[in-house]
Structure formats: C-alpha cells, structure tokens
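The structure appears below as structure tokens.
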Amino acid sequence: MTDMLSISGLWKSFAGFVATRDVSFDLKAGELHAVIGPNGAGKTTFFNLITGHLRPDKGAVSFEGRDLVGLPPQKIVRLGIARSFQRINIYPRLTVFENVQVALIAHEGQQWNLFRPGRSLHREGTAELLELVGLAAEGAETAGELSYGKQKQLELAIALASQPRLLLLDEPTAGMSPQETGETIASVRDIVKARGLTLLFTEHDMAVVFGIAERISVLHHGEIIASGDPDAVRNDAEVRRVYLGEHGLGEQGHG
Amino acid sequence: MPQRRHLVASAIVVLLLALLPLAGSRYAVDLTTEVLIYALFALSLNVIIGFTGNISFGHAAYFAIGGYACTILLTTYNWPLAASLPAAVVLAGLVAAVVGYFCVRLTQIYFAMLTLAFAMLVWGVAFKWKAVTGGDDGFTGIKLPAMLAHHVGYFYFTLAVVAVGVAALWVICHSAFGLTLVAIRENAVRAGFIGVDTRRMRWAAFTVAGTFGGLAGALFGMYHRGMYIENAYWTESANVLIMVLLGGIYSFVGPIFGAAALHLLQTFTNQYTPYWPTVLGLILLVIVLALPDGLIGLAARVKARRGRT
Ligand SMILES: Nc1ncnc2c1ncn2[C@@H]1O[C@H](COP(=O)(O)OP(=O)(O)OP(=O)(O)O)[C@@H](O)[C@H]1O
Ligand SMILES: [Mg+2]
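Taken in order, these protein sequences are the chains called A and B. Taking this note's numbering, the leading residue of the first sequence gets 1306, the next gets one more, and so forth. Taking this note's numbering, the leading residue of the second sequence gets 60, the next gets one more, and so forth.
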C-alpha cells in the first residue's frame, strides 16, 4: 500500500508553547489509524495542521502527493479530506436534513447558484446519508435540539457528504453513553470499510481504540513517542508510563 | 420551496395593495408607498444580518447612493428613468462590492464598525461634494416622468418595483446560495470545511444587499423629490437595523413586518408627541428583552402554544 498522507518534521507552537514537536507520520491508504495521548497532548492541533485550520511553523504535509501547507480548509476538503470536530460543529438552527444537504450542495459546487431552490437539491443523497448514520427519522428536527450522541452522528454524515477518501474524526464518541459508543464505532468501521476510506481518529476510550484501530500513534507533549500496531503500542514501556498506565490498558475507561 | 400557497398569498397581498388607491385617501397611499420602500430596504439589509450573521451598521450608505445617483442622473443629466434607475442600482451594488471586499475580512463588532466607517465616508462625500449633491442644502427639484408625478402613479410604480425586488430577493435567499449563507451564519468553520469559501460568499451577500438597498434608495429619492445628507447619516442605518430586528432576522418576511410596524409607529407618534426617540428606546427594550427573534418569532411561538393546547 502507498502512503496516502505523509507528514514530516511538523512543528507548531502557540506563543512559545510547543504543541506539535517535529512530528513525522505516514498513513497508508485504507488504514484505520488512531492517535491517542493525554489531554493537551496536541491531537486536535495535529488534525488542525492537516486540515488547514492551523498553519505549521515548519514541516511538510502531503496528501496523495499534493502539498497541503498553506492551502485554506475549503480547498483541502475538496482534495478529499473530511473531518468531524471535537467540539460539535453543526448548524444548530438548520434542520438535520439541511445540515447534510448543504454539505452536498457545497460538494457539487452549487453554493453559487442563486436561482435553484436549495431545499430541493440532493434530497435522495441526503436521505441516504441520514439513513447510513441512523438519523433517517430525525430529518425534520432542528439539529441543535438533537441529543449529543445524535449530533455527533450528524457530524459524521456531514463529513461523509464531502465524499472524502481520508476521514478525520476527533473523538467521535466523546460524551456518548457506552451503548451509543458501541453502536457508533461499529457503524464508523462499517462505513469506512464499505466505502474504502482511510480513517484517522483520536479517542480517549481505549476500548474503542484497541477495538478498531489497525495502527496507533501516541502523542505526548506534541511528540509522537510510539507508533505501530496495537500490540506493540500496548507493550511499549514509554507509552505505559505516560499514558496507558492510567487508562487501564484497553479496558473500558475514560481519561 | 416556492409552494403554491406562498405564491397565492403574495399575489393576494399585491392585489389588495393595488386596490388601495380606490379608497381615495392620499395619506394612506403615500404612507403605504413609504412602507413599501422601507420594506425593500429592510429586506436587503437582512441578507447580511439574517443570512450571513453579521450586523451592518452602515446600510444607509447604499440607500443614499441609490437615491442620489438616480435623482441626479434624472435631473442634472436628464437621463430617462429607464437608464437612471438601473444605473443607480448598479452603482450602489458596485460601491457595496468595494466596501464589502474590505468588510468581510472582519466579523462581529469589527465588521459592524467598518461598515459604519464606510457609511460615514459616503455621508462625507454627499456633504462635501456640493456641486453635484447639493451638500447640506440637499438635492432637490427632481424631474420625474409625467406618469410618476402623480402620487397614485408613483404608488403603482413603487408597488411594481418593490414586488419584483422582493421576489428577486426571495429567490436568492431560498436558493442553494441562500441556504449556504445560512450555514455560514450558523457555523462558519463547519461551512468552510464542507468546501465553502465563506469570505467570498459573504462578500457576494454584501453586494446583493447593497444592490437592493440602492434600489430602495432610488425609489425613496424620487418619492421624496430629493435627497438630503440625513438620508446617508448613521441614524438611518440604525433605523433600518431596528426594523430588521423588530421584524425578526430568522425569517425571510420578518423585516417587511418590522419595516411596516416601525414606520407606521414613527409616523403616528410624531403626530402626537416629539418623543419618538424615547418610544424607539422602548421598542428596542422590548425587542432585546422579549422579542429576540422579532415579531415573526413571537407569532411562531403564539402559534406553537395554540397548537399544543
Ligand atoms: N489556538 C491555540 N492557542 C494557544 N494554545 C493552543 C491553541 N490550540 C491548542 N493550544 C494548546 O496546545 C496544546 C495541545 O492542545 P490540543 O487541543 O491539540 O490537545 P488535545 O490532544 O487535542 O487535547 P484533548 O485530549 O483535551 O482534546 C494544549 O496545551 C492547548 O492549550
Ligand atoms: Mg483534542
């Protein structure tokens, strides 16, 4: 398999505080890859550097051979990268249906159409995506009034509407009940496999991480201290010391 | 979607308005003409406020540009109406495009302050460029085509132009473009990461708003047989802003009701007391404390409550 995403020597600091320290990282197409690490380790920052929400101080990010550094987010998503955000990012006053519909409109480049009624576009595609994430019945509800778990599902549908090849999920199950977590993870895995996507996700729930990740990278103080298959990471002494020790090693547990 | 019942309802409203002159009251005809103009003005501002989520504090600038340009072209340059009106609208749109280019780089209070600053520049030009605008004497002595010189003729003209303007705004606001603008208002970061260039979209919205604001201003200038620098002053921007907030920013038609309510209230209040600013203050208090989503929001809540019981 070839590297889909290739990152080298990435640095980012905020007013002297180094949040990303010389990170090099490769992601193979089709892989399910987890990024774990304690709070404040720099996981979200790492995602933001990939998706153009932050600009690295130094280093290179290349996606399918294209250099991403300096591109604005709206260009990067069009190259085939979509994401969900750690803090829920939906359109709270729009309906659930419209939340996804707008993403499809943007994906087709129809946001500049001043004449076609927006609510008549992509009705089938929207319905399919809502079905896929289990929100078929909630289409007419106001998105901001959904339960937390369902809002996370909605974000997943929005991300999928951009038809990405690489999907970034920042804590897809945070704040969910154990039952919702299980369902969400199973559905994420099915969707990713069925669509042949590559998945990069962060997660504090080690049961989730070790349940679906094929490879794991561990961030600590902005640095990748270990990267490999789940067993290697689980047994890494440094990782046990800084992170997994306190997380009960693959059993159910939160950070 | 442009459902049939919306179309029917709009047609009925236009028809009823068209019957108004039969009642024979010049006062009612004039007042309705004014309300129609302000309704279009408020709707145009809401493209920025309700649809992109930014507050413009300088929308009177485009109103004034449309008004001055149309009346000056008609009078000083003897252009026919069929040329001066479109030219005035295009000019207002162009200035909005230039100003918007800078404003959309900012958001929130900074955006509002920059729109205000540009509007003050426009006021300054109207004040200082006496040879063309008449300065603080105002630009008066407008030549209108004979058909429009009569108040009933002008009413029908206004009704037709406003109806077309509102219809055009309706289409734009309900288009894929309009829905995407609402998404930007709701969450600009998310909208950016579905592939939308949020800044360019907001720029386009600003230009649309200025264009239709200019159309309202042109109608106003001809109706009033002149333009005065007060029409470009920041209090006019505040006035239309209050109309929008009073009507409700989250609904397309809200600003129409806000414009009607505020203008009628102002007219009647001025007949009995000099305390309009005080009344305006009270209205603002009510909006902020009790009607955060305006009259339309209130109507929706009343309806919902009735539905439940
Ligand atoms: N925009 C910013 N400005 C200043 N500091 C920031 C900014 N973004 C992140 N940081 C800091 O960088 C560090 C890494 O933050 P980041 O959000 O990437 O961590 P994280 O691994 O995602 O944590 P969590 O598990 O809590 O989500 C933190 O110390 C944070 O305070
Ligand atoms: Mg994070």
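Heads up, the beta-carbon is just placed ideally off N, CA and C, and yes, glycines get one too.
State the Cα-Cα distance for the pair Tyr-127(B) and Val-1405(A), rounded to the nearest angstrom. 44 Å
C-beta neighbour in chain A for Arg-64(B), strict 8 Å: no
Check whether the Cβ atoms of Gln-1415(A) and Leu-1426(A) sit closer than 8 Å, and answer yes or no. yes
Residue list, Cβ distance to ligand 1 heavy atoms smaller than 5 Å: Phe-1319(A), Ala-1324(A), Asn-1344(A), Gly-1345(A), Ala-1346(A), Gly-1347(A), Lys-1348(A), Thr-1349(A), Thr-1350(A)
With DSSP as the reference, label Arg-164(B) as helix, strand or coil. coil
Run through chain A and tell me which residues come within less than 7 Å of Gly-251(B), C-beta to C-beta. Pro-1378, Gln-1379
Can you give the Cα-Cα distance for Gly-194(B) and Thr-111(B), rounded to whole angstroms? 34 Å
Which residues does DSSP pair with Asp-1331(A) in a beta bridge? Ser-1311(A)
If you measure from the CB of Gln-1456(A), is any heavy atom of ligand 2 nearer than 7 Å? no
Using a C-beta to C-beta distance shorter than 7 Å, which residues of chain A count as neighbours of Ile-231(B)? Leu-1419
Could you tell me the boundaries of the beta strand (DSSP E) in which Ile-1517(A) lies? Looking at the DSSP string, Ile-1517(A) is not in any beta strand (DSSP E); the run it does join, the alpha helix (DSSP H), is 1511 to 1517.
Where does Lys-1317(A) fall in DSSP's three states? strand
Whether or not the stretch 1349 to 1362 of chain A and the stretch 1374 to 1391 of chain A are in contact is what I'm after, with contact meaning three or more pairs of Cβ atoms, one per stretch, closer than 8 Å; do they touch? yes
CB contact below 8 Å: Ala-155(B) versus chain A: no
Taking 8 Å as the threshold (C-beta atoms), are Thr-1503(A) and Asp-1475(A) in contact? no
Apart from the five residues just before and just after Val-1513(A), which ones in its own chain have a Cβ nearer than 7 Å to its Cβ? Thr-1478, Thr-1486, Ile-1490
Select from the stretch 1439 to 1458 of chain A all residues with a C-beta closer than 8 Å to any C-beta belonging to chain B, and list them in chain order. none
Is there a Cβ of chain A sitting closer than 8 Å to that of Ala-242(B), yes or no? yes
Within the same chain, show all residues whose beta-carbon is closer than 6 Å to that of Glu-1543(A), passing over the 5 residues directly before and after it, in chain order. Ile-1530
Consider the C-beta atom of Thr-1507(A) and the heavy atoms of ligand 2; say whether any pair is separated by less than 7 Å. yes
Please classify Lys-1457(A): is it buried, with 16 or more other beta-carbons within 10 angstroms of its beta-carbon, or exposed? buried
For Phe-279(B), I'd like the list of residues in its chain whose CB is within less than 6 Å of its CB, leaving aside the five on either flank, ordered along the chain. Ile-96, Gly-126
If you measure between the beta carbons of Gly-237(B) and Ile-231(B), is that distance less than 8 Å? yes
Nearest neighbour of Ala-208(B), chosen from Gly-353(B), Asp-89(B), Ile-346(B), Gly-340(B) [CA to CA]: Asp-89(B)
Euclidean distance between Cα positions of Gly-212(B) and Met-206(B): 6 Å
Who are the neighbours of Leu-238(B) on chain A, taking C-beta pairs under 9 Å? Leu-1399, Glu-1403, Gln-1406, Val-1407, Ile-1410, Gln-1416, Pro-1422, Gly-1423, Arg-1424, Leu-1426
Determine the contact status of Ile-1568(A) and Glu-1460(A), defining contact as a CB-CB distance below 8 Å. Any answer about residue 1568(A) is impossible in this case: the structure gives chain A only from 1306 up to 1560.
Report the rounded CA-to-CA distance for Leu-305(B) versus Gly-1550(A), giving the unit in angstroms. 58 Å
Under the criterion of a Cβ to heavy atom distance below 7 Å, does Gln-1416(A) qualify as lining ligand 2? no
Taking CB distances under 8 Å as the criterion, tell me whether Glu-1556(A) reaches chain B. Below a pLDDT of 50, predicted positions are generally treated as unreliable, and Glu-1556(A), at 42, falls in that range; no measurement from the model is reported.
With 16 as the cutoff for other CB atoms within 10 Å, does Tyr-1453(A) come out buried or exposed? exposed
Taking C-alpha atoms, which residue in Thr-1447(A), Leu-1472(A), Lys-1348(A), Asn-1344(A) lies nearest to Ile-1496(A)? Leu-1472(A)
Distance cutoff 8 Å, beta carbons only. Does Thr-1356(A) sit that close to anything in chain C? Checking the listed chains, one finds no chain C in this structure; the protein chains it contains are A and B.
Have a look at Val-1323(A), Gly-1444(A), Gln-1379(A), Phe-1390(A) and flag the residue whose alpha-carbon is nearest the alpha-carbon of Thr-1349(A). Phe-1390(A)
Please classify Tyr-292(B): is it buried, with 16 or more other beta-carbons within 10 angstroms of its beta-carbon, or exposed? buried
Quick check on Asp-352(B) - is its C-beta less than 8 Å from some C-beta in chain A? no
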